[in-house]
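First up is the structure itself, then whatever we jot down about it.
4 protein chains.
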Amino acid sequence: MALSVEKTSSGREYKVKDLSQADFGRLELDLAEVEMPGLMACRAEFGPAQPFKGARISGSLHMTIQTAVLIETLTALGAEVRWCSCNIFSTQDHAAAAIARDSAAVFAWKGETLEEYWWCTERCLDWGEGGGPDLIVDDGGDATLLIHEGVKAEEEFEKSGTVPDPNSTDNPEFKIVLTIIRDGLKTDVRRYRKMKERLVGVSEETTTGVKRLYQMQETGALLFPAINVNDSVTKSKFDNLYGCRHSLPDGLMRATDVMIAGKVAVVCGYGDVGKGCAAALKQAGARVIVTEIDPICALQALMEGIQILTLEDVVSEADIFVTTTGNKDIIMVDHMRKMKNNAIVCNIGHFDNEIDMNGLETYPGVKRVTIKPQTDRWVFPETKTGIIVLAEGRLMNLGCATGHPSFVMSCSFTNQVIAQLELWNERKSGKYEKKVYVLPKHLDEKVAALHLGKLGAKLTKLTKSQSDYISIPVEGPYKPAAYRY
Amino acid sequence: MALSVEKTSSGREYKVKDLSQADFGRLELDLAEVEMPGLMACRAEFGPAQPFKGARISGSLHMTIQTAVLIETLTALGAEVRWCSCNIFSTQDHAAAAIARDSAAVFAWKGETLEEYWWCTERCLDWGEGGGPDLIVDDGGDATLLIHEGVKAEEEFEKSGTVPDPNSTDNPEFKIVLTIIRDGLKTDVRRYRKMKERLVGVSEETTTGVKRLYQMQETGALLFPAINVNDSVTKSKFDNLYGCRHSLPDGLMRATDVMIAGKVAVVCGYGDVGKGCAAALKQAGARVIVTEIDPICALQALMEGIQILTLEDVVSEADIFVTTTGNKDIIMVDHMRKMKNNAIVCNIGHFDNEIDMNGLETYPGVKRVTIKPQTDRWVFPETKTGIIVLAEGRLMNLGCATGHPSFVMSCSFTNQVIAQLELWNERKSGKYEKKVYVLPKHLDEKVAALHLGKLGAKLTKLTKSQSDYISIPVEGPYKPAAYRY
Amino acid sequence: MALSVEKTSSGREYKVKDLSQADFGRLELDLAEVEMPGLMACRAEFGPAQPFKGARISGSLHMTIQTAVLIETLTALGAEVRWCSCNIFSTQDHAAAAIARDSAAVFAWKGETLEEYWWCTERCLDWGEGGGPDLIVDDGGDATLLIHEGVKAEEEFEKSGTVPDPNSTDNPEFKIVLTIIRDGLKTDVRRYRKMKERLVGVSEETTTGVKRLYQMQETGALLFPAINVNDSVTKSKFDNLYGCRHSLPDGLMRATDVMIAGKVAVVCGYGDVGKGCAAALKQAGARVIVTEIDPICALQALMEGIQILTLEDVVSEADIFVTTTGNKDIIMVDHMRKMKNNAIVCNIGHFDNEIDMNGLETYPGVKRVTIKPQTDRWVFPETKTGIIVLAEGRLMNLGCATGHPSFVMSCSFTNQVIAQLELWNERKSGKYEKKVYVLPKHLDEKVAALHLGKLGAKLTKLTKSQSDYISIPVEGPYKPAAYRY
Amino acid sequence: MALSVEKTSSGREYKVKDLSQADFGRLELDLAEVEMPGLMACRAEFGPAQPFKGARISGSLHMTIQTAVLIETLTALGAEVRWCSCNIFSTQDHAAAAIARDSAAVFAWKGETLEEYWWCTERCLDWGEGGGPDLIVDDGGDATLLIHEGVKAEEEFEKSGTVPDPNSTDNPEFKIVLTIIRDGLKTDVRRYRKMKERLVGVSEETTTGVKRLYQMQETGALLFPAINVNDSVTKSKFDNLYGCRHSLPDGLMRATDVMIAGKVAVVCGYGDVGKGCAAALKQAGARVIVTEIDPICALQALMEGIQILTLEDVVSEADIFVTTTGNKDIIMVDHMRKMKNNAIVCNIGHFDNEIDMNGLETYPGVKRVTIKPQTDRWVFPETKTGIIVLAEGRLMNLGCATGHPSFVMSCSFTNQVIAQLELWNERKSGKYEKKVYVLPKHLDEKVAALHLGKLGAKLTKLTKSQSDYISIPVEGPYKPAAYRY
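Chains as they are written, first to last, in this note's numbering: chain E, 1 to 485; chain H, 1 to 485; chain P, 1 to 485; chain Y, 1 to 485.
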């Protein structure tokens with residue numbers, strides 16, 4: 001792999017597929033801005049004061065049109081930004097091109113190899129002299145992981161002279177991470193520690209990354225403050241639910257053109273993502289069956305008329321399989337062998353290990369026929385029947401379609417902007433320790449409020465006497481912290 | 001008012017409408033037991049050990065068929081029980097009769113006056129010599145309120161010799177409470193304090209009562225431990241949501257036979273109750289408009305295609321109005337005057353003050369025409385048009401129909417049984433202080449699990465390796481405490 | 001059986017349950033009028049001209065509140081009316097009372113025996129001297145049947161002197177019909193022929209009756225013109241579909257209070273009635289399975305995500321069974337024996353023979369426990385488990401609830417009024433032969449138009465140039481005759 | 001325009017975008033076959049007998065993957081086939097390539113000019129010596145139109161020597177038709193009459209074409225028999241309804257990525273297409289408003305909770321506008337000027353004149369910005385706000401997505417195969433006159449039956465006694481001709 005950074009005429013670094021797509025990206029950015037009222041309101045409210053003046057922000061988050069509007073909101077507030085994607089298939093090349101040309105350093109393209117992916121991540125974190133970023137926007141936690149692993153390796157190296165051994169792991173991706181860190185040690189033995197020292201904090205976008213953060217918090221391994229954006233109501237109950245309700249059928253249709261009506265669809269997991277997927281499939285006329293480990297979520301599905309069975313019960317009868325669990329080993333190659341011809345298998349959960357891609361790829365005699373990019377038919381030698389796997393088991397809505405639509409991402413990303421502002425503004429106050437925080441309720445409600453006007457909504461106002469009666473301030477917050485919505 | 005307690009042949013006290021309805025009640029109880037697998041599982045699991053042996057339980061909770069199954073679960077576990085309803089219209093007389101005859105002391109009938117209501121509450125708490133109950137099952141907090149007000153009055157009386165003055169309040173209901181307490185002081189100046197001393201704790205069923213408890217906890221006024229059953233997921237996200245989705249249209253249809261399809265329906269509030277109501281109306285073919293103060297809930301409604309407007313915007317165009325807020329003064333008489341002829345106005349929120357019944361009743365020249373019990377047409381003198389008010393502004397699903405169906409109440413009431421067991425088992429351990437507690441997640445999940453078999457569901461089991469991967473025990477709990485479902 | 005006709009102070013005949021319910025009936029009539037804009041528009045448009053002056057109308061159609069508004073529309077247009085119900089359980093006694101007291105001769109009460117039912121039908125057709133009615137409003141065709149069978153018997157008697165032999169049939173209901181005709185022959189051998197001669201025509205309400213009419217038309221047996229109201233779009237695609245969508249869950253809830261969410265519900269038949277039922281159950285959260293003989297209807301169900309199986313496949317797993325076929329022998333006693341404990345079995349199709357009530361009643365050792373009127377639990381001796389049968393297998397929405405709501409019945413009944421007017425106005429023109437007719441499209445569209453204002457709808461108008469372009473008159477009709485909507 | 005026909009190595013003519021896409025097309029054809037059980041069943045049932053041996057079939061119907069499976073079904077039954085698309089944007093180039101290479105003469109590509117479009121149509125009908133095709137598969141009636149206009153011109157020319165004058169019409173498309181015919185007259189004055197003489201008949205796919213046929217039938221202008229495939233239930237109630245329910249959101253999402261949830265969407269027309277569109281938008285979370293001229297369809301929408309307003313009422317508030325009427329001048333430039341910024345305007349009805357594209361294109365100062373092919377933003381000079389028009393006002397589901405999915409097209413196209421077989425088999429029997437016919441009910445039911453197995457459905461069978469009772473043969477047809485489904 002010999003990747004080289006390119007530079008714009010103004011000297012900003014980038015590596016994208018094709019800079020000439022920048023005009024097309026800009027046109028779509030213009031459309032997206034109209035659909036992202038929360039971000040535009042942030043520009044209007046905070047832009048004049050330039051609160052991010054002097055701040056370096058590194059982002060590792062799907063490099064899409066919507067993310068481009070986020071990036072240009074951060075720059076509109078004064079930040080310098082470097083960016084990479086958090087998924088090898090999720091970059092929209094025209095979005096990357098527009099940002100690279102106009103606004104920030106971007107290292108991302110659709111269809112990276114794993115080596116390229118981590119090269120991009122490293123580039124994104126590398127601000128040259130003076131260490132790394134002041135702030136990180138993370139999705140899934142890979143940027144955070146790299147720094148933590150880097151620091152660990154440096155400390156080990158300082159202590160014992162040992163360098164990380166890529167062969168110590170079977171995980172092909174972690175092998176790459178260790179290689180990068182090992183190679184980094186050769187040029188600067190304090191590289192990641194310098195990053196850590198400069199870092200004010202990270203705001204994390206998604207369930208998987210948040211889970212990692214809480215685990216690090218628990219073991220005391222967390223090196224800097226983190227804001228859990230995922231658990232803002234206006235993120236997890238919107239982007240996960242309504243976003244997937246939109247983008248799951250979008251991905252299915254673009255990838256396969258299959259008629260959803262009449263089909264039997266299995267959704268593995270009935271969390272917010274699963275709820276959105278099941279709703280979309282049901283509404284499109286599929287008969288939906290859900291698999292669940294959690295009896296409460298299972299009972300919720302049943303109350304919507306959705307059957308709860310195990311994957312084994314239905315594996316040979318269903319037409320569409322969607323994993324949404326955030327866990328691993330949900331659909332194994334042994335399941336796939338038993339499926340109907342041309343059953344569709346896809347993942348919208350987070351990592352590709354929800355589907356046993358490794359088992360599939362190494363199945364003796366299996367044949368892969370690529371219908372089109374991100375749509376592969378895998379034919380089993382015994383039966384000559386095939387299954388259709390989307391996006392190589394990675395996020396199908398980003399790999400096969402364009403991810404969540406702008407409006408719902410505006411909710412998520414307005415939380416990101418607010419979280420980044422909060423970390424930056426409080427960087428010297430000591431308000432945030434090396435722990436994981438959620439945004440306070442009133443900011444969550446503010447994010448929602450910024451999105452109502454676009455939809456023509458008119459809120460009711462509490463009277464003073466009503467406010468007294470229920471002991472809730474007229475201007476909110478309106479719910480206790482534990483309220484479930 | 002000269003009410004007198006009656007006695008069964010076995011000497012148990014009661015006051016119900018008609019004991020001869022006991023056979024009918026028993027038949028419906030038999031049906032309900034099949035629909036309440038959680039309660040029946042409690043009988044099977046805990047019954048043999050008779051854990052409530054020696055416990056006196058007083059309950060103030062709608063005296064319906066479902067509650068009857070709860071009561072007989074408590075007695076099956078060894079408890080002695082006294083019961084009253086927490087709403088003047090919600091008693092099902094055949095249920096009350098069956099319980100009075102067979103299982104517990106009941107003081108409840110459909111259509112109590114407010115005086116009768118509080119007489120029943122007092123009877124329910126009065127266990128004769130030795131003070132009051134060991135445990136309270138409360139709904140809306142009236143039993144808890146009476147004890148707290150009683151204790152306050154006794155302490156004031158001891159200190160200053162002052163007795164409560166019913167004329168010190170404008171609230172007609174509180175006037176009655178004060179009268180009862182005042183009269184009680186004449187016979188026993190330690191009556192409520194004795195109750196308090198014996199009391200192990202209360203488990204509270206509903207949002208309104210829980211709110212009162214937290215307020216008392218905050219001011220330090222809470223006299224005994226309380227378990228907040230309402231905020232068990234298997235309660236608030238089931239009974240409130242799916243229960244109302246069932247019972248709102250049921251009440252509308254029984255009261256008015258009105259066709260819901262094609263109508264414009266306004267739902268005030270989009271919490272769990274509002275969500276259930278809006279879903280039911282939408283599915284039945286109404287065009288639903290929601291009013292909200294909370295931008296997050298408003299945005300949720302919008303994502304379901306529901307318009308958010310203020311009541312003023314739509315008051316003269318809508319056909320059906322439902323209050324679900326838990327607040328007061330939602331629909332005022334000035335709104336009602338502007339409504340279409342035969343617009344339907346009802347409340348499923350908690351208290352009747354969501355609708356300005358007082359304003360309506362005292363409106364000059366207004367005429368009330370009772371179509372049938374709980375269905376009144378109020379005609380305004382200026383326009384000669386009328387509106388139809390259900391259940392006199394009280395809970396329309398209990399006043400006009402039969403409340404929530406058995407299956408969903410089995411979820412709620414299994415939480416009650418578990419909460420009562422927890423309080424009783426830990427009565428000497430000091431585990432519970434004078435605070436408000438929620439049940440731990442694993443018990444919440446257990447409640448759900450007890451209801452899956454009846455619906456033919458089959459859960460998936462985590463493998464050891466999956467359990468390790470996501471750091472969640474194979475047997476649960478499966479979600480963090482703040483998870484929103 | 002010794003039934004006797006009663007008379008109002010004005011001398012009009014009647015036989016109802018309780019005339020004192022007339023006031024209550026009138027209150028509900030007042031409400032219903034507001035919900036029946038089509039009928040009220042007919043009163044306004046045609047009333048002044050008194051087009052039915054001199055016409056005698058006999059109706060055999062569920063004697064409900066909605067039918068009462070129809071009757072008073074007919075009388076408002078100048079007709080004299082006699083009425084009976086077409087179902088032994090469907091009469092609403094307060095509606096019958098109000099009409100009997102105020103407007104027409106009524107012979108109907110809830111819970112007639114079969115003998116009483118046919119006595120009422122005969123009374124309804126008997127106008128004393130001068131033969132029978134000029135016009136019949138029929139539902140299911142029983143009034144039409146009686147006249148046809150009567151005429152046949154009279155002709156046979158004239159020819160051969162033979163009188164009908166009730167023992168010639170096994171069908172208990174037809175036995176009664178033959179008895180009535182036989183007894184009638186004793187007093188007047190030309191009774192039914194006189195009726196036939198006077199009769200201008202019949203308008204038939206429902207699928208079953210229409211099917212009978214077409215069969216008679218085919219064999220040449222039809223004795224007078226008939227208008228098929230059922231196949232007006234504004235009847236069959238509204239009342240059957242939206243009416244049942246409303247009244248099926250209403251009946252289920254009133255009869256059993258069962259929670260529909262989470263249950264498995266089997267709908268036998270996916271015609272308009274079945275579509276309405278399936279939609280209602282699905283929306284309430286049941287998992288719906290449909291049985292069908294017709295592959296087109298089956299494919300429609302599949303497109304909505306509904307599984308198509310045979311009754312045998314699901315009989316032991318489902319919780320709710322609904323027949324909607326218009327055929328017989330759908331659910332047999334052998335099916336019922338295999339059902340889960342407390343499975344609910346009901347019919348909304350037309351006749352009670354969709355369910356094998358005879359097989360159930362005569363099953364050796366079976367025990368019937370009446371929970372409440374129209375709700376019976378039948379316990380099988382082998383298993384001691386029981387099933388719950390609604391309305392004794394007859395129309396459950398009319399037996400257990402109040403039938404279709406006013407608004408949708410206004411569509412159906414406006415068609416009836418227009419059909420009756422058409423028959424009456426053309427009685428001398430020869431326009432209608434002894435055949436079955438449907439109303440012309442423009443009248444069907446008119447019925448719909450009369451119902452839009454109440455729902456706040458605003459139609460678009462064709463421009464002249466658009467009208468030319470699609471060759472459709474500006475004022476309609478807008479669709480070809482075969483259009484399916 | 002200088003288009004030239006190309007030839008495959010086997011000598012078959014074609015003109016497509018890029019023959020090298022044939023492999024990709026073949027892969028998608030393989031997938032589609034699995035989703036088109038009706039067509040595959042036709043191959044299995046009829047293929048061996050080669051019924052189309054000797055038949056020349058010309059088709060003018062969107063050249064998509066699904067149509068490719070139709071074409072190869074016709075060739076599998078022995079036909080020779082020539083094909084063109086019936087819409088300038090609807091061709092899928094990889095489908096055209098695969099068919100051109102492997103199976104039939106194809107003249108079609110995505111993005112034809114109108115001149116190119118009619119050149120393709122002419123090529124499709126031109127079988128060289130011996131006149132034209134034996135059979136036509138038509139969609140919208142353009143092939144049929146060309147022959148009828150050609151014959152008319154030739155007869156006029158023979159009579160009066162007059163050639164058609166393209167300048168006699170303002171309609172730019174008809175100008176091209178006249179030019180082609182005029183030029184044709186120069187080479188062969190009997191060209192179209194020879195076609196007519198050979199022609200056995202046409203089967204027409206869609207509402208618009210069917211309407212034209214009935215108009216010609218009425219005036220006696222129809223030159224050959226026609227089978228109206230559109231009005232097979234398994235076509236119009238499936239493809240129009242369920243097809244659009246699938247492909248409308250697909251087109252919206254691919255073209256604009258806009259979030260549908262929360263938006264206000266206006267659907268003009270509530271026929272089958274409008275019903276499918278409204279359902280899709282509602283289910284995706286939009287608030288849907290329908291405009292209608294027909295009161296019956298309007299009342300149907302109201303029963304689903306959909307508001308009926310005029311376009312004028314909502315033009316400035318809605319976000320998405322969809323025309324589905326089959327009429328012209330639905331959304332005029334004056335409407336478009338009043339829309340919100342970035343309102344989306346699209347047509348799924350049939351012709352592009354539902355939207356006033358001409359008014360838009362000629363609006364003074366308007367600016368067109370092409371975001372990507374088929375997605376244009378038109379900016380008005382006064383407001384600088386723009387609207388987004390999809391597929392230049394033509395069928396957006398074909399222009400912006402891939403049209404209806406395979407499964408539903410299998411229903412439609414199985415009707416086409418059966419219709420073509422019927423015409424061909426009866427070509428000498430005189431069964432079909434120069435009229436428009438629909439397929440008999442039993443064939444319609446057969447089409448449905450062929451699609452049930454794929455969805456796992458199991459039909460119920462009538463017993464003999466049930467069949468007798470309802471006078472319907474055990475094997476069907478199950479419904480009278482006028483049944484509306």
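Virtual Cβ for every residue (Gly too), placed ideally from N, Cα, C.
Can you find the residues in the same chain that come closer than 6 Å, C-beta to C-beta, to residue i, ignoring five residues on each side of it along the sequence?
i, result
"P/L74", "I57, V81"
"H/L70", "F413"
"Y/R182", "V163, P164"
"Y/G276", "L241, C244, R245"
Could you check whether residue j and residue i sit closer than 9 Å to each other, using their CB atoms as the reference points?
i, j, result
"H/L77", "H/F107", "no"
"Y/V210", "Y/P225", "no"
"H/I344", "E/Y478", "no"
"E/E173", "E/W118", "yes"
"H/N415", "H/T234", "yes"
"E/S406", "Y/D257", "yes"
"P/H404", "P/G274", "no"
"Y/G271", "Y/E204", "no"
With respect to the alpha helix (DSSP H) encompassing residue i, which residues constitute its N-terminal and C-terminal limits?
i, result
"Y/R193", "191 to 198"
Could you tell me if residue i is buried or exposed, where buried requires 16 or more neighbouring beta carbons within 10 angstroms of its beta carbon?
i, result
"P/T121", "buried"
"Y/R254", "buried"
Less than 8 Å between the CB of residue i and some heavy atom of the ligand PLP, yes or no?
i, result
"Y/E155", "Of the ligands one can find in the structure shown there are none, so the ligand PLP has no counterpart to examine."
Can you name the start and end residues of the beta strand (DSSP E) that residue i belongs to?
i, result
"H/I498", "The requested residue 498 of chain H does not occur in the structure, where chain H is confined to residues 1 to 485."
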